[in-house]
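Residues in the sequence shown are numbered from 1 upward in steps of one, following UniProt numbering.
Single-structure report; data block below.
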Amino acid sequence: MLINHGYVKRDGNRYRLGEHVFELGSRALRPRGLREQAVPFMAELHHATLETVHLAILHDQQVLYLEKVFGHRAVPCPTTVGGRNPAHCTALGKAILSRSAPETVERVVAHGLARRTPHTTTNPDLLRRNLSRARDEGVAVDLEECRLGLACVAAPIVDRRTGEAIAALSISSPTARFDPRRLGARLGKVADTLSRACS
Numbered sequence: 001m002l003i004n005h006g007y008v009k010r011d012g013n014r015y016r017l018g019e020h021v022f023e024l025g026s027r028a029l030r031p032r033g034l035r036e037q038a039v040p041f042m043a044e045l046h047h048a049t050l051e052t053v054h055l056a057i058l059h060d061q062q063v064l065y066l067e068k069v070f071g072h073r074a075v076p077c078p079t080t081v082g083g084r085n086p087a088h089c090t091a092l093g094k095a096i097l098s099r100s101a102p103e104t105v106e107r108v109v110a111h112g113l114a115r116r117t118p119h120t121t122t123n124p125d126l127l128r129r130n131l132s133r134a135r136d137e138g139v140a141v142d143l144e145e146c147r148l149g150l151a152c153v154a155a156p157i158v159d160r161r162t163g164e165a166i167a168a169l170s171i172s173s174p175t176a177r178f179d180p181r182r183l184g185a186r187l188g189k190v191a192d193t194l195s196r197a198c199s
């Protein structure tokens with residue numbers, strides 16, 4: 001019965017979770033309707049930049065990818081919908097943390113700031129300064145902190161009632177053609193529009 005409904009998949013003598021489990025989990029974790037509202041904007045961002053666009057939330061000190069839009073020119077990003085990455089070394093995570101309660105930031109710090117590349121921020125004080133700058137500028141940047149050769153800019157989607165981030169949008173590109181000002185300005189406008197729509 002679980003197999004018939006997509007909760008479990010059978011592979012020979014082994015079983016694994018089916019796609020329906022992720023679908024149910026993502027519905028429970030995300031603000032209602034956020035993905036549906038974000039997808040048209042994500043497609044527009046991808047069309048304008050030809051880069052990979054992500055939507056993610058914070059869950060258990062990690063970013064959880066809810067959606068990904070990419071094309072043939074976009075650099076291959078080793079991310080999948082339903083996948084995770086540490087919050088401290090991704091632009092998405094830093095964008096969300098920049099508009100999160102201090103105790104949320106401290107939970108991430110207490111979890112450990114593991115090094116993913118030589119550029120990963122592993123110093124808690126430096127991370128806090130980066131989050132403060134991201135809050136002031138409205139965008140967070142990851143320059144090869146999570147993966148060598150990749151750079152990313154992200155903007156938080158904010159609940160206007162609480163002032164805290166509920167998710168973030170990002171644009172990823174190869175470091176060689178990364179233009180955080182141009183991408184960040186476009187991204188900030190879209191995140192602001194989504195923040196108004198979700199509040």
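C-beta atoms are modelled at their ideal positions from N, C-alpha and C, and glycine is treated no differently.
DSSP beta-bridge partners of Q61: One-based indexing of the sequence shown puts residue 61 at position 61. DSSP, once it has assigned bridges, lists no residue as partnering Q61.
task: Might you give, ordered along the chain, the residues of its own chain that have their beta carbon closer than 6 Å to the beta carbon of T52, omitting 5 neighbours on each side?
output: Here residue 52 corresponds to residue number 52 of the sequence shown, with the count starting at 1. Within the same chain, T52 has close Cβ partners F70, A74, C77, S172.
- request: Give the range of the beta strand (DSSP E) segment to which R147 is assigned.
  value: The residue labelled residue 147 in the question sits at position 147 within the sequence shown. Element bounds for R147: n/a, residue is neither H nor E.
query: Is the beta carbon of D142 sitting closer than 8 Å to the one on T79?
result: The residue labelled residue 142 in the question sits at position 142 within the sequence shown. The residue labelled residue 79 in the question sits at position 79 within the sequence shown. No; because the gap between Cβ atoms is not below 8 Å, this pair is not in contact.
N- and C-terminal bounds of the alpha helix (DSSP H) containing P78: Position 78 of the sequence shown holds residue 78. Where P78 is concerned, there is no enclosing alpha helix (DSSP H), given that its DSSP letter is neither H nor E.
message: Residues in the same chain with beta-carbon distance under 8 Å from L183, minus the five sequence neighbours each way, listed in chain order, please.
response: As a working note, residue 183 is residue 183 in the sequence shown. Cβ-Cβ distances below 8 Å link L183 to T49, E51, V153, I171, S173 in the same chain, with the five nearest sequence neighbours on each side left out; the list follows chain order.
query: Given a threshold of 16 other Cβ atoms within 10 Å of its Cβ, counted over all protein chains shown, does G93 qualify as buried or as exposed?
result: Stepping through the sequence shown from its first residue, residue 93 is reached at position 93. G93 comes out buried.
message: With a threshold of 7 Å (Cβ to nearest heavy atom), would A140 be considered close to the ligand MG?
response: As far as ligands go, the structure on display features none, and thus does not contain the ligand MG.
query: How many whole angstroms separate the CB atoms of A38 and L169, which I take to be in contact at a CB cut-off of 8 Å?
result: Locating residue 38 in the sequence shown gives position 38, counting from the first residue. Locating residue 169 in the sequence shown gives position 169, counting from the first residue. In this structure A38 is in contact with L169, their Cβ atoms being roughly 7 Å apart against a cut-off of 8 Å.
field: Classification of R115 by the beta-carbon crowding that lies within 10 angstroms, buried from 16 upward
entry: Numbered from 1 along the sequence shown, position 115 holds the residue referred to as residue 115. Classification for R115: exposed.
query: Is P124 helix, strand or coil when you go by DSSP?
result: Start at 1 with the first residue of the sequence shown, and residue 124 comes out as number 124. DSSP places P124 in helix when its eight states are reduced to three.
task: Specify the secondary structure class of L143 as computed by DSSP and reduced to three states.
output: Within the sequence shown, residue 143 is the residue found at index 143, counting from 1. The DSSP-derived three-state label of L143 is strand.
message: Using a 10 Å radius around the Cβ and a threshold of 16 neighbouring Cβ atoms, would you call L45 buried or exposed?
response: Residue 45 sits at position 45 when you count from the first residue of the sequence shown. When all chains shown are included, L45 counts as buried.
field: Host beta strand (DSSP E) of S100 (start-end)
entry: Residue 100 sits at position 100 when you count from the first residue of the sequence shown. S100 -> no beta strand (DSSP E), and no H or E assigned at all.
message: If I measure Cβ to Cβ from L187 and keep anything under 8 Å in the same chain, skipping five residues before and after, which residues do I get?
response: For the purposes of this step, residue 187 is taken as the residue at position 187 of the sequence shown. Around L187: L45, V139, V153, A154, A155, L169, S170, I171.
query: Counting pairs of Cβ atoms below 8 Å between the stretch 157 to 169 and the stretch 117 to 135, do you hit three or more?
result: Using a Cβ-Cβ distance cut-off of 8 Å, the stretch 157 to 169 and the stretch 117 to 135 are not in contact, since fewer than three pairs of beta carbons, one from each stretch, lie closer than that value.
query: Can R196 and R160 be called in contact, C-beta distance under 8 Å?
result: The residue you call residue 196 lines up with position 196 of the sequence shown. The residue you call residue 160 lines up with position 160 of the sequence shown. A Cβ-Cβ contact shorter than 8 Å links R196 with R160.
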